[in-house]
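Residue 459, in the working numbering, is where the sequence shown stops; the numbers in between run on with no holes.
Every residue gets a Cβ at the ideal spot worked out from N, C-alpha and C, and that includes glycine.
These notes concern the structure reproduced below.
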Amino acid sequence: MKFQRALPSRVVFVSTVSALALIAVACGPGSESATPTAFPEPTLNSVTPPENFQTPIPSPEVATDPLPETVFAETPISNSFEKPTETVDITFDGLEAIVARRFQSQYGWFTDFNQRIVDLSEISSLLPRDGIIPIDAPTFAKVSEVPDYLRAREPVVALEIDGDARAYPLAMLMWHEIANDVVGGVPVSVTFCPLCNTAITFDRTVNGQELTFGTSGNLRRSDLVMWDRQTESWWQQITGEAIVGVNAGAGTKLKIINSPIIAWETFAEEYPDGLVMERIFDELGFPIRSYDNPPYAGYDNVDNTPFAFSGEVDDRLVATSRILAVKSEGRTVAYPFSFLAETQIVNDRVGDSDVVVFFDDGTLSAFVDGRQGDQISGSTTMFNRIVDGQTLTFTLGADGIIDIETQSTWSLLGTAESGPLAGKKLEPVIHANHFWFAWAVFEPDTEIRDGADDIAGPTGRP
């Protein structure tokens, strides 16, 4: 896939010209006042990573791997859209009004800041819009013609809609954060916030209108704030909720589509006819990013402090420890990876749903330079464990995952591979593998389940 050279990544940008970054910070919510001059002028604060957080500045590399046959997206993403063309008058006062006008004057936003559900002072502006360039027309290689640069256990976002299965390597999403695509006839945005380890796929059709998403250059609570190019509304990635602009005024929330992080090898085995998103090369054959060298290398070290996060960290778990987070029927539950790594399988009940978690202890971390060695992070899949009216109980057998009731064997992606239930598929449960601090600040009432006494059924290793 060809692409023009782009601006450096957020962290590279911040570390080199951080004095230009605008952080709209307030000690508390601003009051409504007829005399905004009574409020102090926001200062241009720099944002720097923690002392033990190092970000390499990659240099171009010659593409030496043979390029596989390219498969283009089912429907090219159109850039011919209508969008606001005038600045919206600010009808409120106070510190937020000053912040809104700064967004307008410094970055040219036509967003309707009058319609918002969050305090604008909570939003940190680090880059211009699409300073981290999203992928609008991804190209794909067939699984049968896999590029040589893909490692067997490297993490990918797995998405399957109506038989159309595609893998999106985190090595690419780490640099681009958003890929707009059409999968199984459904317009989607595959998103990844490296600072929160949050991979979420959204249906980008809202009220009959197809939206195209980009990176706003902003963060809120360390999480990616997306923008849509049709209305210039801003969206919180971890929740899918419109937080500023006309879509926020309408109370709009994007539909989340199941797309777990799994190892590339697992995807290829489950979907031999699937596709994998290709790396992007410029007209000279150089990769436009050093995809083997992540811009946030080492950030998932549990000793690190969250970047661009000013809130309180819920100290029930380590800030950058990974969790499986799920919301179901009014219950919000987190399973720490440390617990899942010990048990491998968890049979449980969340709300009124009988569920099972499968843990893959071989999936690599996306935060490690692939040329210097591997680091295991693990990955999860989650399913409803009722099949044909029967509640199954899963465990580890000699041949892998089995259910106790029928002795059928199952894949990590919930397909019965042999036994009486061969060919059956478990219903996926939408979940995500966040860093704890990022999830907890949005869902402070989360219940942590990290022991046998916390779950309703047995584990894979009781």
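Next item on the list: Determine the burial state of residue 327: buried for a count of at least 16 other Cβ atoms within 10 Å of its Cβ, exposed for fewer.
Entry: Burial call: exposed.
Next item on the list: Please report the residue range of the alpha helix (DSSP H) in which residue 365 lies.
Entry: Per DSSP, residue 365 belongs to no alpha helix (DSSP H) and is neither H nor E.
Next item on the list: Closer than 7 angstroms by C-beta to residue 236: which residues in its own chain qualify, once you throw out the five before and the five after it? Chain order, please.
Entry: Once the five neighbours on either side are set aside, the close Cβ partners of residue 236 are 439.
Note to self: What ranges does the beta strand (DSSP E) occupy inside the stretch 101 to 147, keeping only unbroken runs of at least 3 residues that lie completely in it?
What the structure shows: The stretch 101 to 147 contains these whole beta strand (DSSP E) runs: 120 to 122 and 136 to 139.
Notebook entry, point to check: Curious, which full-length beta strand (DSSP E) runs of at least 3 residues does the stretch 332 to 410 contain?
Noted result: Segments of the beta strand (DSSP E) lying fully in the stretch 332 to 410: 342 to 347, 350 to 357, 376 to 381, 391 to 394 and 397 to 400.
Margin query: Measuring only the C-alpha atoms, how far is residue 87 from residue 429?
Written below: Rounded to the nearest angstrom, the gap between the Cα atoms of residue 87 and residue 429 is 37 angstroms.
Next item on the list: Could you work out which residue in 180, 194 and 95 is closest to residue 432 when comparing CA atoms only?
Entry: When only C-alpha atoms are compared, the closest one is 194.
Notebook entry, point to check: Secondary structure at residue 246, three-state DSSP: helix, strand or coil?
Noted result: Correct three-state label for residue 246: helix.
Notebook entry, point to check: Any chance the stretch 249 to 266 sits against the stretch 350 to 369, with 3 or more Cβ pairs inside 8 angstroms?
Noted result: Touching, yes.
Check: So the alpha helix (DSSP H) residue 423 belongs to, where does it begin and stop?
Finding: No alpha helix (DSSP H) contains residue 423, which DSSP labels as neither H nor E.
Next item on the list: Might you give, ordered along the chain, the residues of its own chain that have their beta carbon closer than 6 angstroms to the beta carbon of residue 306, omitting 5 neighbours on each side?
Entry: Here the set comprises 219.
Next item on the list: Whole angstroms is fine: what's the gap from residue 124's alpha carbon to residue 213's?
Entry: Residue 124 and residue 213 have their alpha carbons spaced roughly 8 angstroms apart.
Next item on the list: Could you check if residue 215 is buried or exposed, using at least 16 other CB atoms within 10 Å of its CB as the buried criterion?
Entry: Under this definition residue 215 is a buried residue.
Margin query: Between the alpha carbons of residue 325 and residue 109, how many angstroms are there, rounded?
Written below: Rounded to the nearest whole angstrom, the CA to CA distance from residue 325 to residue 109 is 33 angstroms.
Note to self: Output needed for residue 167: all residues of its chain with C-beta closer than 8 angstroms, excluding positions within five of it in sequence on either side, in chain order.
What the structure shows: If we look at residue 167 and ignore the five residues flanking it on each side, its Cβ neighbours are 151, 152, 153, 154, 189, 196, 258 and 363.
Check: Do you know offhand how far residue 404's Cα is from residue 396's?
Finding: Across the structure, residue 404 and residue 396 are spaced so that their CA atoms are roughly 11 angstroms apart.
Item checked: Extent of the continuous alpha helix (DSSP H) run through residue 438 -> Its alpha helix (DSSP H) spans residues 433 to 439.
Check: Quick one: any contact between the stretch 198 to 212 and the stretch 235 to 252, if contact means 3 or more CB pairs under 8 angstroms?
Finding: Yes: the two stretches touch, three or more of their Cβ pairs being nearer than 8 angstroms.
Checklist line | Proximity to residue 80 [Cα-Cα], best of 267, 338, 425 and 242 | finding: Of the candidates 267, 338, 425 and 242, 242 places its Cα closest to the Cα of residue 80.
Check: Do three or more CB pairs link the stretch 403 to 423 to the stretch 438 to 453 at distances below 8 angstroms?
Finding: At 8 angstroms Cβ cutoff, the stretches do not touch.
Notebook entry, point to check: Going straight from the alpha carbon of residue 96 to that of residue 356, what length do you get?
Noted result: So the alpha carbons of these two residues sit roughly 44 angstroms apart.
Next item on the list: Return the bridge partner residues of residue 157 from the DSSP annotation.
Entry: BP columns for residue 157 point to 162.
Note to self: Please return the same chain residues whose Cβ sits closer than 7 angstroms to the Cβ of residue 40, not counting the five positions on each side in sequence.
What the structure shows: Only weak support is given to the placement of residue 40: the predicted model assigns it a pLDDT of 32, under 50, and the question is left unresolved by the model.
Check: Opposite residue 324 in the DSSP bridges: which residues?
Finding: DSSP lists 329 as partners of residue 324.
Check: Which stretch, first to last residue, makes up the beta strand (DSSP E) that contains residue 304?
Finding: DSSP places residue 304 in no beta strand (DSSP E); its state is neither H nor E.
Notebook entry, point to check: In chain order, what residues of the same chain lie with their CB nearer than 7 angstroms to the CB of residue 24, ignoring the 5 residues before and after it?
Noted result: Its pLDDT being 33, under 50, residue 24 is placed unreliably in this model, and the value from its coordinates should be taken loosely. Here residue 24 has no same chain residue with a Cβ atom under 7 angstroms from its own Cβ, once five neighbours each way along the sequence are excluded.
Next item on the list: Pair every Cβ in the stretch 295 to 312 with every Cβ in the stretch 380 to 388, then say whether three or more of these pairs are closer than 8 angstroms.
Entry: No, they do not touch.
Note to self: Within the continuous beta strand (DSSP E) that includes residue 264, where are the two ends?
What the structure shows: Per DSSP, residue 264 lies in no beta strand (DSSP E); the unbroken alpha helix (DSSP H) holding it starts and ends at 261 to 267.
Next item on the list: Please report how far the alpha carbon of residue 329 lies from the alpha carbon of residue 281, in whole angstroms.
Entry: Near 49 angstroms, if we compare the C-alpha coordinates of residue 281 and residue 329.
Note to self: Does residue 300 pass the burial test, meaning 16 or more other C-beta atoms within 10 Å, or should it be called exposed?
What the structure shows: So residue 300 ends up on the exposed side.
Next item on the list: List the endpoints of the continuous alpha helix (DSSP H) containing residue 170.
Entry: Counted as a single uninterrupted DSSP element, the alpha helix (DSSP H) harbouring residue 170 occupies residues 167 to 173.
Note to self: Tell me which residue opens and which closes the beta strand (DSSP E) that residue 252 is part of.
What the structure shows: Looking at the DSSP string, the run of the beta strand (DSSP E) that includes residue 252 is 252 to 254.
Next item on the list: Would you mind sorting residue 341 into buried or exposed? The rule is 16 or more other CB atoms within 10 Å of its CB.
Entry: It is buried - the Cβ of residue 341 has at least 16 other Cβ atoms within 10 Å.
Note to self: On the CB-based measure, 16 or more other CB atoms within 10 Å of its CB, does residue 449 come out buried or exposed?
What the structure shows: A residue is called buried when at least 16 other Cβ atoms come within 10 angstroms of its Cβ; residue 449 does not meet this threshold and is exposed.
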